[in-house]
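Colleague: Attaching a single structure in structure tokens format; questions to follow.
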Amino acid sequence: MTGNNTRAARAGGLLTNPFSKLGRTTVLAIIFVLQITLTSLLVPGYFSVWGLLDASRAFVEVGFISLAMTLIIITGGIDLSVGALLALVSVTIGFSYQAGLPLGAACALGVLVGVAGGTLNGLITTYFRLHPLVVTLGTFALFRGIAFAVSDADAVSSFPRWFSFFGQYKFGGMVPAQLVLLGICAVIFWLLLAKTPFGRYVYALGHNPTASRFSGVATEKVTVAVYAIMGLMVGLAGLIHTSRIFSARGNAGFGLELVAIAIVVMGGARILGGSGTIWGTVVGLLILSYLQDGLSFAGVRGDIGLTIIGFALILGVFLNENIQKIR
Amino acid sequence: MPDVSSPSSRRLLCALRNVSKHFGNIQACQDIDLELYSGEVVAVVGENGAGKSTVSKCLYGLYSPSRGHVEVNGKPVAFRNASDGEKAGIVMIPQELDLFPELSVVENIWMGLERPRYWHGAFNSSAMERRARQLLHQLGLIVDVTTPAKLLSAANGKLVEVARALNANAQVIIMDEPTASLTEREVSNLFSVVRALKRSNVAVLYITHRLEEVFEVCDRTVVLRDGKMISDRPADQETEAGLVKKMVGRPVEQLFVRHFHEIGDVVLEVEGLHSGSTFQDVSFQLHKGEILGISGLIGAGRSEIVETLFGLRDRTAGTIRLHGEVANISCVREAFDHGIGMVPEERRTLGLILPFSVKNNVTFSSLLRFTRGIFIDTAAEDKFAEKAAREVTIVGAGLDDPVSALSGGNQQKVVVAKALARNPRILILDEPTRGVDIGAKSEIYRIIDGLAKQGHAVLMVSSELNEILAMCDRTLVMREGRLVSSFDRKDFSPDEIGSAAAGVAVNPSVA
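First to last, the protein sequences are chains A and B. For any residue, its number in my numbering is found by taking its place in the first sequence, counting from 1, and adding 1298. For any residue, its number in my numbering is found by taking its place in the second sequence, counting from 1, and adding 60.
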């Protein structure tokens, strides 16, 4: 008779759920277009392709992290340590270069530290069966602490010219290199999540880890993998961040976890796991980032940005939970 | 035979008048007219999805009817929730235990009810305990009422729920599949409780899948099908076959399907298997083409054994041999590689990813068979799922609908199809027909029989003795983590298997 209830609930959902015909991502994409149009109309001089592309440099780093955060949140997990890990990556690059390592090797080492940090989160979570919220809150403090200790409140800014490529080069003088990389990563993540067995396991894990295990899914491996992928993305983001601001310091990436989670939730992933899409996250990223960009262009004070993130996070959770309930 | 109360003492307690309930455009029940009189036990039977739960939920107030109304003592009432229903004397006892496990028996018996107090306002716990003891005594249960509910057996937990209902001054008690998790002995004890309730003029609405129980304790039978009331007649004018026919809407010639044939060589040999304190020293052999039952009470360690064979649980000692070779199975994937498949005990929590589509559930264990490069080959997946769904006759929803939209029986067929998708040579079935309606049951038996005929080896854990008796070539009996005996088909006897499982000699006249 539960079958009856569910069928009934679905039928009811079709009547009352405004997103059901279009799909959440499409609705969000329409909102994004409206938002850009509205900002362009209200703020003279805002709209230009060059300007919009240039503004993307500010959010590409959180974009990489949001892609991986989508996977983690779909499995029912969370990663609060990403901002701190980004600082650790940045400090690793800067200070190992300062200590005499060739810059190329320093960059590789930085990305490796990212992967190691993410893997550590995954391993602690699975092998000690601890909730990732607590684990990554712990590593959040741990990574940030190490980053501060290593940098000793100092910064490294004496990079060679070529290092600016990752964060400052623009193809054709227009398209930032890191935006292209983000686009490629988004496609790869989409394929991974929507088209491969691994992606199917990620969703299943968020819905029912026990049934997944009974179905032969190596649940521990999948969990460690999503956190390790996050580590890789934080590594890339850290590299780009260091190159963009041309400086490595321990306070980099402050509050990044909050922004990434808000973006993913805004994009339609339920915080309890099981649902979410890459394109939802991409549109969530665009909406939140250009909202902040538009406001700062209009001269609204910078601290309003944090307020918006907080508001978006709560709104996103509210929408996800209530649409879910109707369904 | 149940004693039928004389018409003069019958008092109309409550009734559903022309009640319909729909969700969106789904009609869950339609034009139900049902009267409940004091001191009678009314059986409500029907397949999964027939509307039994909806009807009872309308009666005790969880749902408010879309049309029609509920009547109590001749007056129409409009319950807003289940506690309104309880205040009017209509109490529900759900299928799964609904006790607070950490709280004491006495706390559970008073849960949600007005408690006796001292003059200064604090709860009078000694009065509460006295009342609890008295109620339980009435039901024939003598326990320390301060023990936490989690320490009670399923059967005693059921009695505590009945005691709570009586404590709420229930006039009408709705029991949803009360015997689903009870052993035969406990069932007969529950029946005497039901008869005692009857004598004290309580009406019992008895929802069940087990038709033999209908004739054992019920006075009247109500059959539901597709949300409609098909019949409402005294139980002594009904037959089991007649009820089945009305429930299914077509005659079911035969519930169990089994063709016996020569069994082959040993495929699985278990020797001295231990797993901590859950089971010890288990040894048995399983042959090609054989259906081997594992009988016993709940908690005897049966599921734990099959979970160990399936790589979900560590063994602390013993060997597993497959086709004569020692196999080390430490995870599900290794069990798969050795050709072992399993249909787990709980389909909703262990067997299925409920929000996934029927198709994605069918292929979930065998996804790597349907890949092209690193990607899922959806065309191959579709084709396979279609074929599998046809073979196990999944009906009620499309392949792309969520599996949660299916009835219990069809969900179970999805779990079976999923296990079969890996072509296992050894299939473990843990309670394969629990909570499954008759039509689907018979189809699942047909599938199991077909597998044995094709030479698969089947290991079937079941609490339903009838199922073991009808389907198995041989059965093992477990008690308290040990294999206590084994019966060949020619020696099958319900009494002996039952007493081996319970660990006592059962007097046949009681059983």
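In this text, a Cβ means the ideal position worked out from N, Cα and C, and glycines have one as well. On a predicted model such as this, the values are computed, not experimentally measured, just so you know.
Name the chain B residues that come within less than 8 Å of Pro1507 of chain A, Cβ to Cβ?
Modeller: Counting from one through the first sequence, the residue named residue 1507 of chain A turns up at place 209. Per Cβ cutoff of 8 Å: no residues; Pro1507 of chain A is ~10 Å from chain B at best.
Colleague: Near Arg506 of chain B, which residues of its chain fall below 6 Å by C-beta distance, leaving aside the five closest residues on each side in sequence?
Modeller: For this step, residue 506 of chain B is matched to residue 446 along the second sequence. The answer, listed in chain order, is Val317.
Colleague: Here's the rule: buried if 16 or more other CB atoms are within 10 angstroms of the residue's CB, otherwise exposed. What is Glu1555 of chain A?
Modeller: If you number the first sequence from 1, residue 1555 of chain A lands on position 257. It is buried - the Cβ of Glu1555 of chain A has at least 16 other Cβ atoms within 10 Å.
Colleague: Tell me which residue opens and which closes the alpha helix (DSSP H) that Glu540 of chain B is part of.
Modeller: One-based indexing of the second sequence puts residue 540 of chain B at position 480. That residue, Glu540 of chain B, is in no alpha helix (DSSP H); it is neither H nor E in DSSP.
Colleague: In three-state terms, what does DSSP make of Ala88 of chain B?
Modeller: For this step, residue 88 of chain B is matched to residue 28 along the second sequence. The answer is strand: DSSP assigns Ala88 of chain B an E or B state.
Colleague: Of the residues A:Gly1374, A:Thr1494, A:Ala1567, which one's Cα is nearest the Cα of Leu1428 of chain A?
Modeller: Against the first sequence, residue 1428 of chain A aligns to sequence position 130. The residue with the shortest Cα to Cα distance from Leu1428 of chain A is A:Gly1374.
Colleague: Just checking: is the beta-carbon of Thr1424 of chain A within a distance shorter than 9 Å of some beta-carbon in chain B?
Modeller: In the first sequence, residue 1424 of chain A corresponds to position 126, counting from 1. So no, Thr1424 of chain A is outside the interface.
Colleague: Is DSSP giving Ala230 of chain B helix, strand or coil here?
Modeller: Counting from one through the second sequence, the residue named residue 230 of chain B turns up at place 170. DSSP places Ala230 of chain B in coil when its eight states are reduced to three.
Colleague: Determine which residues share a DSSP beta bridge with Pro294 of chain B and list them.
Modeller: The sequence position of residue 294 of chain B within the second sequence is 234, counting from 1. In the DSSP output, where bridge partners are listed per residue, Pro294 of chain B has B:Arg280.
Colleague: Should the region 90 to 104 of chain B be regarded as contacting the region 261 to 274 of chain B, the criterion being three or more beta carbon pairs within less than 8 Å?
Modeller: Yes: at least three Cβ pairs fall under 8 Å.
Colleague: Cβ atoms of Phe1496 of chain A and Ile1576 of chain A: under 9 Å apart, would you say?
Modeller: Here residue 1576 of chain A refers to the residue found at position 278 of the first sequence. Here residue 1496 of chain A refers to the residue found at position 198 of the first sequence. The answer is no: Cβ separation not under 9 Å.
Colleague: Taking Cβ-Cβ distances below 8 Å as the criterion, which residues of the region 415 to 442 of chain B are in contact with chain A?
Modeller: Flagged, chain order: Pro415, Phe416, Asn420, Phe424, Ser425, Leu427, Leu428, Thr431, Ile434, Phe435, Ile436.
Colleague: Alpha carbons only, please: which of B:Ile233, B:Arg270, B:Ile454, B:Lys513 is nearest the one belonging to Thr239 of chain B?
Modeller: Within the second sequence, residue 239 of chain B is the residue found at index 179, counting from 1. Ranking the options by Cα distance to Thr239 of chain B, first place goes to B:Arg270.
Colleague: What are the partner residues of Lys81 of chain B, as DSSP defines its beta bridges?
Modeller: Taking the second sequence and counting its residues from 1, the one referred to as residue 81 of chain B is at position 21. DSSP, once it has assigned bridges, lists B:Cys89 as partnering Lys81 of chain B.
Colleague: Taking the straight line between their C-alpha atoms, what separation do you get for Leu536 of chain B and Gln471 of chain B?
Modeller: Numbered from its first residue, the second sequence carries residue 536 of chain B at position 476. Numbered from its first residue, the second sequence carries residue 471 of chain B at position 411. For Leu536 of chain B and Gln471 of chain B, the distance between alpha carbons rounds to 28 Å.
Colleague: Quick check on DSSP: helix, strand or coil for His129 of chain B?
Modeller: Taking the second sequence and counting its residues from 1, the one referred to as residue 129 of chain B is at position 69. Looking at His129 of chain B - three-state DSSP - the assignment turns out to be strand.
Colleague: Tell me which residue opens and which closes the beta strand (DSSP E) that Asp490 of chain B is part of.
Modeller: Position 430 of the second sequence holds residue 490 of chain B. Asp490 of chain B -> beta strand (DSSP E) spans 486 to 490.
Colleague: What's the gap between the Cα of Phe416 of chain B and the Cα of Gln194 of chain B?
Modeller: For this step, residue 416 of chain B is matched to residue 356 along the second sequence. For this step, residue 194 of chain B is matched to residue 134 along the second sequence. Going from the Cα of Phe416 of chain B to the Cα of Gln194 of chain B covers about 49 Å.
Colleague: For the pair the region 1382 to 1395 of chain A and the region 1536 to 1547 of chain A, tell me if three or more CB-CB distances fall below 8 Å.
Modeller: Touching, per the Cβ criterion.
Colleague: What did DSSP end up calling Ser425 of chain B once you bin it into helix, strand or coil?
Modeller: Within the second sequence, the letter at position 365 stands for residue 425 of chain B. Of the three classes helix, strand and coil, the one that applies to Ser425 of chain B here is helix, per DSSP.
Colleague: Check the Cβ of Pro1342 of chain A against every Cβ in chain B and list those closer than 9 Å, keeping chain order.
Modeller: Looking up residue 1342 of chain A in the first sequence gives position 44. Result: empty, since nearest Cβ-Cβ is about 48 Å, beyond 9 Å.
Colleague: Could you please give the first and the last residue of the uninterrupted beta strand (DSSP E) stretch that includes Thr379 of chain B?
Modeller: The residue labelled residue 379 of chain B in the question sits at position 319 within the second sequence. 377 to 382 is the span of the beta strand (DSSP E), which, as asked, contains Thr379 of chain B.
Colleague: Listing by chain order, which chain B residues have their CB less than 7 Å from the CB of Phe1487 of chain A?
Modeller: Locating residue 1487 of chain A in the first sequence gives position 189, where the first residue counts as 1. Result: empty, since nearest Cβ-Cβ is about 14 Å, beyond 7 Å.
Colleague: List, in chain order, every chain B residue whose beta-carbon is nearer than 7 Å to that of Gly1514 of chain A.
Modeller: Here residue 1514 of chain A corresponds to residue number 216 of the first sequence, with the count starting at 1. Ordered by position in chain B, the residues that pass the 7 Å Cβ test against Gly1514 of chain A are Val392, Arg393, Phe396, Ser425.
Colleague: At what residue ranges does the region 1341 to 1395 of chain A contain a whole run of the alpha helix (DSSP H), taking only runs of 4 or more?
Modeller: Segments of the alpha helix (DSSP H) lying fully in the region 1341 to 1395 of chain A: 1347 to 1353, 1358 to 1372.
Colleague: Between A:Thr1337, A:Leu1410, A:Trp1348, A:Ser1354, which has its C-alpha nearest Gly1533 of chain A's C-alpha?
Modeller: Within the first sequence, numbered from 1, the residue matching residue 1533 of chain A stands at position 235. Considering only alpha carbons, the answer is A:Leu1410.
Colleague: List the residues of chain B that Thr1494 of chain A touches, going by C-beta distances under 7 Å, in chain order.
Modeller: Within the first sequence, the letter at position 196 stands for residue 1494 of chain A. Those are Ile434, Phe435, Ile436, listed as they occur along chain B.
Colleague: Got a sec: is the Cβ-Cβ distance from Phe478 of chain B to anything in chain A below 9 Å?
Modeller: Position 418 of the second sequence, counting from 1, holds the residue named residue 478 of chain B. A small fix is needed here, since residue 478 of chain B is Lys in this sequence, not Phe. So, interface residue.
Colleague: Which residues in chain A have a C-beta closer than 7 Å to the C-beta of Pro404 of chain B? List them in chain order.
Modeller: Locating residue 404 of chain B in the second sequence gives position 344, counting from the first residue. What Pro404 of chain B touches in chain A: Phe1512.
Colleague: Would you list the one or two residues that DSSP bridges to Arg432 of chain B?
Modeller: Working through the second sequence from its first residue, we reach residue 432 of chain B at position 372. Partner(s): B:Phe435.
Colleague: Which residue wins for smallest C-alpha separation from Lys473 of chain B, given the options B:Ala512, B:Ser545, B:Asp460, B:Asp497?
Modeller: Your numbering for residue 473 of chain B matches position 413 in the second sequence. Considering only alpha carbons, the answer is B:Asp497.
Colleague: Comparing the C-beta of Gly558 of chain B with each C-beta of chain A, is any distance below 9 Å?
Modeller: As a first step, residue 558 of chain B must be located in the second sequence, where it is residue number 498. Not closer than 9 Å to any Cβ of chain A, the Cβ of Gly558 of chain B fails to qualify, so no.
Colleague: Please go through the same chain and pick out, in chain order, the residues whose beta-carbon is closer than 6 Å to the beta-carbon of Met152 of chain B, but skip the five residues on each side of it.
Modeller: Taking the first residue of the second sequence as 1, we reach residue 152 of chain B at position 92. Tyr120, Ile234, listed in sequence order.
Colleague: Would the region 1411 to 1425 of chain A and the region 1346 to 1357 of chain A be scored as touching if the rule is three or more Cβ pairs under 8 Å?
Modeller: Counting Cβ pairs under 8 Å, fewer than three are found: no touch.
Colleague: Within the region 104 to 175 of chain B, note down every full alpha helix (DSSP H) run reaching 4 residues or more, in order along the chain.
Modeller: Runs found: 112 to 120, 142 to 147, 165 to 169.
Colleague: Within 10 angstroms of the Cβ of Asn108 of chain B, are there 16 or more other Cβ atoms? Answer buried if so, exposed if not.
Modeller: Reading the second sequence from its first residue, position 48 is the one you call residue 108 of chain B. It counts as buried.
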